[in-house]
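Note sheet for the following structure.
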Amino acid sequence: MQTILTLGNALNQGTARGSAVGFRLDSLLKLSDTRARNNKMTLMHYLCKLLAEKLPELLDFDKDLIHLEAASKIQLKLLAEEMQAINKGLEKVEQELAASVNDGAISVGFRKALKSFLDSAEAVVRSLISLYSEVGRNADSLAQYFGEDPARCPFEQVTSILVIFVNMFKKSRDENARTVEAEKKKMEKEKASMSTIKGSE
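Take the sequence shown: its position 65, counted from the start at 1, is 65 in UniProt numbering, and no numbers get skipped.
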């Protein structure tokens with residue numbers, strides 16, 4: 001991210017944007033839109049080239065994000081709705097247990113089984129509520145880590161932007177590698193051709 005900020009500041013030098021201390025996360029998606037004069041290289045290609053030369057260990061950063069794609073499919077709103085449905089279902093079971101007291105001796109076995117189920121279900125639901133709260137805090141922390149307000153840039157948007165960025169980065173990195181390989185082969189072919197010419201003289 002620091003390298004991207006430095007690139008942006010270099011490109012915007014002399015303007016109000018030239019000494020930025022940060023950038024919006026969705027700006028990452030514009031790196032493939034900004035092209036060089038030859039229209040072949042994008043800023044993303046240049047970033048990959050720069051990293052290959054200066055910080056090659058960062059070229060495979062995507063390997064540290066193996067769960068990003070799966071995380072991008074999580075919808076916190078849907079999880080919240082499911083938590084509500086589970087709570088309502090538990091309340092209905094509690095109401096059923098309370099109502100079965102009036103059924104007399106015939107429902108003793110039913111009440112006992114229902115009470116046992118309710119005790120274990122309540123423990124599971126408490127655990128789920130705790131996990132859901134932790135997920136919410138972590139989702140907010142992720143947005144804040146990238147300098148975004150979780151209310152304006154929710155978890156789903158953050159992960160979606162990151163998935164797209166990682167895919168664009170990998171594509172540019174791979175295109176750069178193919179270009180370097182093609183140039184190498186071309187130079188070897190020219191060198192071999194020159195050797196043949198010199199040998200025939």
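All C-beta atoms, glycine included, are put in the ideal place defined by N, C-alpha and C.
Starting from D140, trace the alpha helix (DSSP H) both ways and give me its first and last residue. It spans 108 to 145 - the alpha helix (DSSP H) in which D140 sits, taken as one unbroken run.
Nonlocal neighbours in the same chain, by C-beta distance under 6 Å from L142, ignoring five residues either side: V158
Out of curiosity, what's the CA-to-CA distance linking L28 and I161? If you take the alpha carbons of L28 and I161, they lie about 8 Å apart.
What's the call for T6, buried or exposed, on a 16-neighbour Cβ count within 10 Å? exposed
Give the secondary structure of T6 by DSSP, where H, G and I count as helix, E and B as strand, and everything else as coil. helix
Terminal residues of the continuous alpha helix (DSSP H) containing A99? Judged by DSSP secondary structure, A99 falls within the alpha helix (DSSP H) whose first and last residues are 76 to 100.
Whole-number beta carbon distance between M44 and F169, since they are thought to touch under 8 Å: 6 Å
State the DSSP-derived secondary structure class of R178, mapped to helix, strand or coil. helix
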